[in-house]
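Notes follow once the structure below has been shown.
2 protein chains.
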Amino acid sequence: MSVYTPAEVVEETGFSLDTLRYYEKIGLLAPVDRNAAGQRRFSEEDLGWLGTIRCLRDTGMPIAQMLRFAELVRAGDHTIPDRIALLEEHDTRVRGQIDNLIERQRYIHSKISYYRSVL
Amino acid sequence: MSVYTPAEVVEETGFSLDTLRYYEKIGLLAPVDRNAAGQRRFSEEDLGWLGTIRCLRDTGMPIAQMLRFAELVRAGDHTIPDRIALLEEHDTRVRGQIDNLIERQRYIHSKISYYRSVL
DNA sequence: GGTTGACCTGGAGTGCGCTCCAGGTGGGAG
DNA sequence: CTCCCACCTGGAGCGCACTCCAGGTCAACC
Chain A
1 MSVYTPAEVV
11 EETGFSLDTL
21 RYYEKIGLLA
31 PVDRNAAGQR
41 RFSEEDLGWL
51 GTIRCLRDTG
61 MPIAQMLRFA
71 ELVRAGDHTI
81 PDRIALLEEH
91 DTRVRGQIDN
101 LIERQRYIHS
111 KISYYRSVL
Chain B
120 MSVYTPAEVV
130 EETGFSLDTL
140 RYYEKIGLLA
150 PVDRNAAGQR
160 RFSEEDLGWL
170 GTIRCLRDTG
180 MPIAQMLRFA
190 ELVRAGDHTI
200 PDRIALLEEH
210 DTRVRGQIDN
220 LIERQRYIHS
230 KISYYRSVL
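Chains A and B are the protein sequences, given in the same order. Residues in the first sequence are numbered from 1 upward in steps of one, following the working numbering. Residues in the second sequence are numbered from 120 upward in steps of one, following the working numbering.
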C-alpha cells in the first residue's frame, strides 16, 4: 500500500498544502499518518476521501455539512442510510443549481442577442 | 413613469435593503433618485438593471466584474461590443460551471448507487 | 559539513459580500 | 399631538474558506 508526500497530494488533488492542513485541523480529514520526522504521509484512502471532498466542495457543499458527512463515515456502516439521505439532499440542490444556471443563461443569451441587434 | 419605494424593490428583486444601499455605495447601482425627505425612489430602469445584476450575481460573476459592466453601460452605446465580449466570456464560464456540475453529479450518483448496493 | 528545500506548528491576516448597528429624520394613523 | 415605522447615514462587524507568516526541524545532495 503506497503512501504519498504532501507535494504529491497537492499535485493530485489540486488542494493547496495549507488547505490540506486546514482540512485536517478541522477534522474534515482524519489525522494523517506521519513519518519519523513528523511529516505527513497520505494513504490511498486519504486520496479517495479527498476526491469525495473535491466533488462535494465543487458542487457547493458548505464545510459544515461535509464535516457531518465525514462524521457519518467515521461512525461506521450503520450510518449508510444517513449518508444516502445527505447525498440525495445534496443532489437535489445540485440539480437546482444546474436548472438555475440554465435558466439564467437564457437571460444572458437574450441580452447578447439584443446587443447584437443594436449594432 | 412609476417609482418604487425601497420596500417594494426589496420585495421585487429579493435583494435586502442593505444590499441595495451597498450596491449604490460601490457604484454598481447609479445614484438613485430621492424624494424631498431624502428617501430613495427607484425607477423602472433601476429595476431592470437590478434584474441584470441578479442574473450575473446568481451565475457567479464577481462584483468587480459587474462593476466593469456597469461602467460600460454608463459609458454609452459605443461600448456595446465590449459588453458583448464581457457577456460572452461570462457565458463561457457559466457553461463551464454547468458542465462541471453535471460531471460532479455523476460522481454523486455513483456514490449513492454504491451505498445502496451495500445495504 | 554546509546549504537547500520540503516540511512542521500555532496563530494572525485576507478577500468577498454582505449585514448589523447607533443615532437620527420625517410622515402617516389613531 | 403622539406614536410608530420606514427610511436615512457612516462605519463597524461577520462568516466563510482559506492563505500567509515566523520561526523551526530534518534529510539529502553537492
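Using N, Cα and C, we set each Cβ at its ideal position, and we do this for glycine too. From a predicted model like this one, the values you see are computed outputs, not experimental measurements.
Roughly how many whole angstroms lie between the Cα atoms of residue i and residue j?
{"i": "Glu103/A", "j": "Gln97/A", "result": "10 Å"}
{"i": "Gly170/B", "j": "Lys144/B", "result": "18 Å"}
{"i": "Leu20/A", "j": "Val94/A", "result": "25 Å"}
{"i": "Ile146/B", "j": "Asn35/A", "result": "Looking at the sequence itself, residue 146/B is Gly, so the reference to Ile does not match. Going by the C-alpha atoms only, they are around 54 Å apart."}
{"i": "Thr132/B", "j": "Asp33/A", "result": "51 Å"}
{"i": "Gly60/A", "j": "Glu45/A", "result": "23 Å"}
{"i": "Thr198/B", "j": "Thr79/A", "result": "57 Å"}
{"i": "Tyr123/B", "j": "Gly195/B", "result": "25 Å"}
{"i": "Leu238/B", "j": "Gln105/A", "result": "40 Å"}
{"i": "Leu186/B", "j": "Glu208/B", "result": "15 Å"}
{"i": "Phe188/B", "j": "Phe69/A", "result": "40 Å"}
{"i": "Leu220/B", "j": "Gly157/B", "result": "45 Å"}
{"i": "Trp168/B", "j": "Asp18/A", "result": "40 Å"}
{"i": "Gln184/B", "j": "Asp177/B", "result": "13 Å"}
{"i": "Ile182/B", "j": "Glu190/B", "result": "12 Å"}
{"i": "Phe134/B", "j": "Asp218/B", "result": "28 Å"}
{"i": "Ser2/A", "j": "Pro31/A", "result": "17 Å"}
{"i": "Ser117/A", "j": "Ser236/B", "result": "54 Å"}
Under three-state DSSP, which class holds residue i?
{"i": "Ser162/B", "result": "strand"}
{"i": "Val237/B", "result": "helix"}
{"i": "Val73/A", "result": "helix"}
{"i": "Val213/B", "result": "helix"}
{"i": "Val122/B", "result": "strand"}
With a threshold of 7 Å between beta-carbons, can residue i be considered close to chain A, or not?
{"i": "Thr198/B", "result": "no"}
{"i": "Thr132/B", "result": "no"}
{"i": "Thr178/B", "result": "yes"}
Would residue i and residue j qualify as a contact pair, given that the criterion is a beta-carbon distance under 7 Å?
{"i": "Asp201/B", "j": "Ile108/A", "result": "no"}
{"i": "Tyr115/A", "j": "Ile203/B", "result": "yes"}
{"i": "Leu29/A", "j": "Tyr22/A", "result": "no"}
{"i": "Leu47/A", "j": "Lys230/B", "result": "no"}
{"i": "Arg40/A", "j": "Pro6/A", "result": "yes"}
{"i": "Val128/B", "j": "Phe161/B", "result": "yes"}
So with Cβ pairs under 7 Å, would you call residue i a contact of chain B?
{"i": "Tyr22/A", "result": "no"}
{"i": "Ile53/A", "result": "no"}
{"i": "Arg83/A", "result": "yes"}
Below 8 Å between beta carbons is the criterion; list the residues of the segment 206-237 of chain B that meet it against any residue of chain A, in chain order.
-> Cβ proximity to chain A below 8 Å picks out Leu206, Glu207, His209, Asp210, Val213, Arg214, Gln216, Ile217, Asn219, Leu220, Ile221, Arg223, Gln224, Tyr226, Ile227, His228, Lys230, Ile231, Tyr234, Arg235 and Val237 from the segment 206-237 of chain B.
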